[in-house]
Structures are given as structure tokens and as C-alpha cells.
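Please read the structure below before turning to the comments.
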Amino acid sequence: MLQNLKEMLFCLCGAAGTPGDESEVRAVVQREFAPYAKTGTDALGNLTAEIGSKDAKTHLLIDAHLDQIGLIVTGIDDKGFLHVDRCGGTDRRVMPGTAVTVLGKKPLCGVVCCMPPHLTGGKEEEIPEIAEMTVDLGCDAETVKSLVHPGDRIVFRTEPKELLGGRVSAPGLDNRASIAVMVRCAQMLADEPLRCRVTFLCSTREEVGGQGAVTGAYLADPTQAIAVDVGFAMQPGVRPEQCGKLGGGPMIGFAPVLDRTMSERLVAIAEREKIPYKRDVMGGETGTNSDAIAVTKTGVPTALISVPERNMHTPAEIIDLRDIEATARLIAAYVREVE
């Protein structure tokens, strides 16, 4: 089963989808959901997948965002270098020297320019703002301008790889890991008689403000919701209380904006089903789509479940496949109990 999950996840991570330009990955996700759910799209590019009883009293919305961080082309200089800016919360510390794919008239290989340490005058630790960086496509300005235009998007060019111990590394695991959770959950619930209605919402633009979740939740009009995202996994320099653990199961959110009853119910289900988990405590907003979904219309009781991840917002994010499977099991068990 984990082999099939890995193959699906690599397929998801191989599809581009920066904020506001998620059409490629949306098509891939739609194909993954199609055997198990009725799918549809809306005006803002959200993808929905419906299962369960359409006339049920309880309508559960399960959300994960489609988009990934990247760059956007802002201009092309007379030497053919691309000027860029953030498209989402791209970490500028990892950008110099990074291989990228420019999504112009055709996919183009490029590299973010990096000043050699020999020429920095001892200031190699100073990292420029992304708006000051450029991308080199290796050809002249005329050729570049025939293939690329301002507004085109750029994504990391890193091939998904399997690591030791059932872990994988890829760009875009934030939040394709959670999309995989929802597809896997739909697989688990396929052909089961559910007493509730379930809408899986693959929302757009989370990395630039969560607009897809705002409109998608408003349109769905659920009675309760679960947002699925990635959370910080244990690694050097991160305090234990701030993070989960790779292979340690889903992180169940506790925060002022979240519904305490739902969070405790998820904990109880995890313990009953012997699913490892971590209480993920936040003192304010969660920084996820759950913040917006919870205040949709007159309010929606909302929970948050996160998949532990290392190296968030870099070309080499890392997750454990067992955590995706465990998170899907937890949500499926919750769905089976909803009336």
C-alpha cells in the first residue's frame, strides 16, 4: 500500500501549481479522485470531490490546499536574465544556486543566480531579497523574450526521491501530502454507507492568503470542517513542543480558532484505533485554511490535522509515508462516526 501511496504522491508533486495557476495539478488530483467521488470545480479553480449522503443532516468539509510556493517573473533584462518575486512564502535563504523550471511557452530549465563566495568580499552570508534575485536560462535576451513573459511562474526543479525508512523528499509536499491524505481517505471510504455528506475541497491560493478556502467553504456551506495541512517535524534547532515527529502520526490541532470538542474527539478516535498522534498546540491563529473556514458565514466548527514535515518551503521537503496513511485512517474513522 505504501508503494502505491508513494507513486501517487510523486505524481502529485510532479505537477506544477503555484497560487492562482493550479490547473496542472488540479487535473492530476481530479483523476485521482474520479474513481471514488463525484468531482467538480468552481470559479476560483477549487476542486471538490463529493461522497456520502447528499441529504444528510451533517455536511463535513475536508480541506487541503492545491498550491505550492514558487516565483513569478516580473521582468527580463537586456542580458536575458529573469527578474522575479515571491509567489507564496518562498524561503529566500535556499534560493541562490537553486535549479528551477520556468513555465513559459514551454518548460525551461534555469538556475537562480548565485554570487561566488570569492567575489562577495566576506559577505557571503548576506542573502538578497527575492525581488533582487535573477534567474539564468543560459541564452540571449531575444530568445528568452520569445519564450517567457512577465507573469509566468517558476517552480523548483527537484525530482521526488525515496529516502531511507519510508520517507520521501520532494518540492511541493506542502501541501500535496495532504491532498494525498484526502484521496487515500476517499479510497478507504469507497462503497461504504456513510451517514453524512462529505465534501473534499482542494482549495487554491492558500500560499497567498487562502482565498480558495474562503470561497470554497462559503459555497459548500458545511456544518463542520477539518483542514489538513503540513506541520513542523522534529529536526535540529526546533523545540519539541513546537513540532511533531516523522513517523509519529498526525498532529491534532488545539487553538483558540479551532473547535475543542472536535479536537478531543479526534484524539479519542486516534487512541481507540491505536493511531499515533501529537497534540499540536497554538496560542493564536493556526496559519492554515482552518482560520478562514471557521468563520465562514455564521461560523463552522473546525478542526486541524497536520502531517509532520521537515524543510518546509524548500526544494527538498521531507515527510514519512506512514504519517499520510495514519492521517487518512484517522479522518476516515472520524467520518464513519459522523451522523
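Reminder that position 167 of the sequence shown reads as 995 in this note's numbering, one-by-one numbering, no gaps. Here a beta-carbon is modelled for each residue, glycine too, at the ideal position from N, C-alpha and C.
{"Query": "For V928: DSSP bridge partner residues", "Result": "G938 and F984"}
{"Query": "Sub-7 Å separation of I904 and V963 beta-carbons", "Result": "no"}
{"Query": "Closest Cα partner of I1103 within the set N1003, E957, E1153 and D980", "Result": "E1153"}
{"Query": "beta-carbon L888 near the ligand FMN non-hydrogen atom, thresh 6 Å", "Result": "As presented, the structure is devoid of all ligands, the ligand FMN included, so that no description of it is given."}
{"Query": "Three-way DSSP call (helix, strand, coil) for F1028 in this model", "Result": "strand"}
{"Query": "Under 7 Å between C-beta atoms of E1137 and L1001", "Result": "yes"}
{"Query": "Segments assigned alpha helix (DSSP H), at least 4 residues, entirely inside the segment 1085-1148", "Result": "1088-1100 and 1118-1121"}
{"Query": "L833, enclosing alpha helix (DSSP H) - first and last residue", "Result": "L830 to C841"}
{"Query": "Residues near T1051 by beta carbon distance below 6 Å, same chain, minus five either side", "Result": "T886 and H887"}
{"Query": "Extent of the continuous beta strand (DSSP E) run through F909", "Result": "Here F909 belongs to no beta strand (DSSP E), and DSSP marks it neither H nor E."}
{"Query": "Cβ-Cβ separation, T1155 to D919 (assumed contact under 8 Å), whole Å", "Result": "Incorrect: roughly 24 Å between the Cβ atoms, too far for contact."}
{"Query": "Ranges of the beta strand (DSSP E) found wholly within the segment 833-888, counting only runs of at least 3", "Result": "866-869 and 875-880"}
{"Query": "8 Å contact criterion, which T1130 and A1122 should meet: CB distance rounded", "Result": "4 Å"}
{"Query": "Closest by C-alpha distance to H940, when choosing among R921, G932 and T869", "Result": "Before going on, a small fix: residue 940 reads as Val here, not His. With distances taken between Cα atoms, V940 lies closest to R921."}
{"Query": "CB of A892 within 7 Å of CB of I1054, strictly", "Result": "no"}
{"Query": "Sub-7 Å separation of R1033 and G1044 beta-carbons", "Result": "no"}
{"Query": "Rounded C-alpha distance that separates L830 from G1077", "Result": "15 Å"}
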